[in-house]
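Single-structure report; data block below.
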Amino acid sequence: MFRSDRMWSCHWKWKPSPLLFLFALYIMCVPHSAVWGCANCRVVLSNPSGTFTSPCYPNDYPNSQACMWTLRAPTGYIIQITFNDFDIEEAPNCIYDSLSLDNGESQTKFCGATAKGLSFNSSANEMHVSFSSDFSIQKKG
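Count the sequence shown with mature numbering (1 follows the signal peptide of the UniProt record, and there is no 0) and you get residues -34 to -1, 1 to 107, in order.
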């Protein structure tokens, strides 16, 4: 996978896992010129583990995006998400571009490089990740 300090990439996994299954899901998009925005911007991810990235990765994410990824595990499991790389337009209170993480108990908003290297656990078997971008200044995500 292409790695850069100017994008976000996260990995999720179910915990506890009685068996190890290796699956990877890569969310790709069609060229920005083909449609306004990216494909697969609202997806339910239910594999035991995988990776997803910002829209149009490895290119800059498009303007005016509103994406939602739902990570879902079987009842009795929780989800752990780790941000491997992260770079979104930075602003006070993340008022322009942001990534929000809803772990079932609280919602946390990130921008800039604040989430890089952090891991979070869900409180139940579902976690929601949403990404939004405004009309200007794109980064890798």
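All residues carry an ideal CB built from backbone N, CA and C; glycine is no exception.
Source: prediction; values computed, not measured.
With 16 or more other Cβ atoms from the protein chains shown falling within 10 Å of its own Cβ, E55 counts as buried. Secondary structure note for T19: its beta strand (DSSP E) is the uninterrupted segment 15 to 19.
Take L37, set aside five residues on each side of it, and the residues of its chain with a beta-carbon closer than 6 Å to its own are W(-23), L11, I45, M93, in chain order. Counting along the chain, the unbroken beta strand (DSSP E) around F49 starts and ends at 44 to 51. Around the C-beta of T74, fewer than 16 other C-beta atoms lie within 10 Å, and the residue is accordingly described as exposed. The residues N29, S30, in chain order, have a CB closer than 7 Å to that of F101 in the same chain once the five nearest residues on each side in sequence are set aside. Nearest Cα to A57 within the set S66, T17, G78: G78. When DSSP states are grouped into helix, strand and coil, C33 belongs to the strand group. Each of N87, S99, F97, V95 was checked against the Cα of Y43, and the nearest Cα belongs to N87.
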